[in-house]
Structure formats: C-alpha cells, structure tokens
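Please read the structure below before turning to the comments.
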Amino acid sequence: MDKNKPIFVTQPSLAPLSEYVELLEEVWDSGILTHNGPKVQRLEAELSKKLNLDNFSIVLNGTIALQMAIKALDLKGEIITTPFTWVATVSAIKWEGCKPVFCDINPETLNIDEDKIESLINADTVAIMPVHVFGTACNVSKIEEIAKKYKLKVIYDAAHAIGSSYQNKSLLSYGDISATSLHATKLFNTGEGGACIANSPELNERLQRIRFFGHDKDKNVVEDGFNGKMTEIHAALGLINLKYFDKVLDDRREKYLLYKEMLGGRKELQFQRINRNETNFSYFPVIFQSEEKLLQVEEALNEKSIFPRRYFYPSVNTYNEIVDYQPTPISEDISTRVMCLPLYYNLSPKQIKLISKTILLSL
Ligand SMILES: Cc1ncc(COP(=O)(O)O)c(C=O)c1O
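Just so we're aligned, residue 112 is where the sequence shown starts under the numbering used here, counting upward by one.
In structure tokens:
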C-alpha cells in the first residue's frame, strides 16, 4: 500500500485496458461511433440476458433516463419523491415540468417511508418516484399497492441498484419504468451511461423513439424526442466491464462485510438496515450520533489522506435555489450525520482496516 496515495470514496471498476483496445479496434474498423450501433445493441442484449430483463434501453446517463421515463409516461403534475437522494432525481422531475413533493424517509432503511406516501396524494399527484438508496430495495410491494389504489405511475430511481434483487428478480424489473445509472462510480459502468427498463414492449418502443429525436423505425418524426443515444466507445467499455461484473459484485459484498465486522460492534455508529437478498452492497454509509462527531471523524481520516464523502448531503428539500422548502425532518437530520466510506474494487482489506481503526480511534 502506497502510504502517500490518497484514498478517495470511490474508483471506477475497470476491465484490463488491452481488452478495451481490442474492442475499440472493432469500432474503428466499423466506422460507426453512434446511432444505436452494434456495440450498443450488443450491450443491451447482454445486460438484458445477464439481469433477465426485457424492454431495456441504454441511454446517455441516469438523469436523462429519469427524464425520458417521465416523458414516456406523459406525466404532468406532482411527483412524490424522496429528499434523501442526489439532486438529479429532483432536477429530472423539474426539467419535465412536474412538481417534486417530498416524502420523508424511514430512519433505518433510508428509503422513502411508504407509510407517509398516502397523506401526500391529492388530485394533482401523477406518480411516485422512489429511490433505491445505496442499492437497497424500497418496500416495492407496498409502493405498488399504493400506486394501484390511486392509479399512479411508479418510476424507480434505480441509479444505485444494478445487481440488486427483490423477490428473486432484478430490482430493475419493477415499476412502470426503472431508470438506472451506469456512471463511473456505479457497480457496473460505461463511464457515463444509464438505462430505462420498461414494463411493456410498447413503452420501451416509445422510450427508444424519444432517445432518437422522436423518430420511429421508418425514420418518420412521430413525436417530440431528444438525443439520448450512447456512443459505441462507451458501449465497448460496458461490454468489457460486464465480463467482470460478477467479480465486482462479489468483491463489494466481501468488503462491505469486512467494514461491518470492523465497525459493527460500536453503539455510536448506525448502519443502513439492509436485507442481504435485496441489496448490491454498493455503498458503505455510516450514520454518526451528531454532525460534530462526523466532522471530527472526517478530519481524522483526511489527516491520513482518506477522503470519505458526505452523501447524501444536504437533504434535497433544503436546496432553496431550486425547490420550495417542504419539511422532512428525518432526512434533514440524517443527511447531516451520514458519510459514505471508501469502497471500490481496488481498495484492499488492509486499507479497510486502516480506515475502520482510524474511525474507531476518533469516536
Ligand atoms: C440517486 C441518483 N439518481 C440519479 C443519478 C443520476 O445519474 P447520472 O449521474 O448517471 O446522471 C444519480 C447519480 O449518481 C443518483 O445517485
């Protein structure tokens, strides 16, 4: 371990460069860089097979995937979502002309509190957009029940959730549409990237039209679309990374469990409540007893060139430049006390032990 090398919160999982170069040579030979090229189509097919999903459309990034989902479902009105998320969830809602309504979170799972959703539904509500926070499944059954009762659409912000399951199926198979991110920081990445997984072939066709300027298969413009196409360069990166995806998933679980073993015994620390069959272990969030304690621990880590990340912070309902404040006390409180520890493929068990010991000594 190089003692002087900083340890950041994450690093992308990358397959060997030589394998990427081989695929890039094929791209160069083909002369095709974009426009739903062969590599994008192959990646779509391989990911669908791997995750046992139908109706899979790869796009530029997770934010565009959320916007396309809202557009494809013709939503106009209020969308109930969580404030404990990355700002993209909310900006996607706003870019599509809808209003975000914040529902507070469960203090243990950190996901939207399904018991608080119904009280926020009114005549303007059109959809629920929960986030599977840190890759851990929301209470999907209850959310689907509420959506059915009030005839609402469900879009899951599944940005963190690739590789997670729910009731023995990919977590991405739920909702009218699940939108995931394939960003560099995610368990499976294409550098920048995302995908929509729809619950019907018709909806998937619509998403594919929207992704391609509103063109249908005969190249007629049949509706308003935009440019959501992934390049062949990014898809090639996805294709080689996919070969190592199982390895990355296994490694993440092992490292998560090592952190848990090192830190789990301390009553000053709280962890996200997870069901081991319904998560991909992609992040290791720790909740401290106070913000003061968090800052103290962060300083001790920074002194050793270890840089965890306050994530999600602040609670998105408090971004007063972009939303009208709606109180969600649990999210506001937890977001000041939560920090994600470094977790990635190249992080060694020795480094995890150093990080954990530094935390334990500064509590
Ligand atoms: C919860 C959540 N939603 C949406 C996004 C947006 O994804 P992307 O960065 O691929 O646009 C992110 C990004 O990290 C996220 O964490």
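Every residue gets a Cβ at the ideal spot worked out from N, C-alpha and C, and that includes glycine.
Bear in mind that the values here come from a model prediction, so they are computed numbers and not experimental data.
Nearest-angstrom beta carbon gap, Arg322 and Met179 [assumed within contact, 8 Å]: 7 Å
Over the uninterrupted beta strand (DSSP E) stretch that includes Thr291, give me the two end residues. 288-292
What residues match up with Ser281 in a beta bridge as DSSP calls it? Ser276
Of the residues Pro312, Gly286, Ile223, the one placed nearest Lys262, counting alpha carbons only: Gly286
If you run the structure through DSSP and keep just helix, strand and coil, what is Tyr267? Residue state for Tyr267 is assigned as strand, using DSSP reduced to three classes.
Reducing DSSP to helix, strand and coil, say where Ile470 ends up. helix
Grab me the residues of Val151's own chain with a C-beta within less than 7 Å of its C-beta, minus the 5 sequence neighbours each way, in chain order. If the five residues before and after Val151 are omitted, its C-beta is found closer than 7 Å to the C-beta atoms of Ile169, Met341, Glu343, Ala346, all from its own chain and listed in chain order.
Might you give, ordered along the chain, the residues of its own chain that have their beta carbon closer than 8 Å to the beta carbon of Glu443, omitting 5 neighbours on each side? Pro194, Pro425, Ser426, Asn428, Thr429
Let me check one thing: in DSSP terms, what residues is Gly305 bridge-paired to? Val170, Ser292
Three-state secondary structure (DSSP) of Ala411: helix
Give every residue of the same chain whose Cβ lies closer than 7 Å to the Cβ of Val265, excluding the five residues on either side of it in the sequence, and list them in chain order. Ala238, Ile239, Ile254, Glu255, Ala258, Gly286, Asp287
Nonlocal neighbours in the same chain, by C-beta distance under 6 Å from Glu155, ignoring five residues either side: Phe167, Ile169
Going by the C-beta, is Ser124 closer than 7 Å to any heavy atom of ligand 1? no
Using CA coordinates, which residue listed in Tyr370, Ser446, Lys415, Val397 is at the minimum distance from Pro460? Tyr370
Asn391 versus Cys249 - alpha carbon distance: Just so you know, the alpha carbons of Asn391 and Cys249 end up roughly 13 Å apart.
For Ala199, collect the residues of the same chain with a Cβ closer than 6 Å to its Cβ; drop the 5 residues on either side in sequence, then sort them by chain order. Thr174
Return the Cβ separation of Phe324 and Val332 in integer angstroms, given the expectation that the two are a contact with Cβ distance under 8 Å. 7 Å
Taking 8 Å as the threshold, find out whether the segment 297-309 comes into contact with the segment 221-232 through three or more Cβ pairs. no
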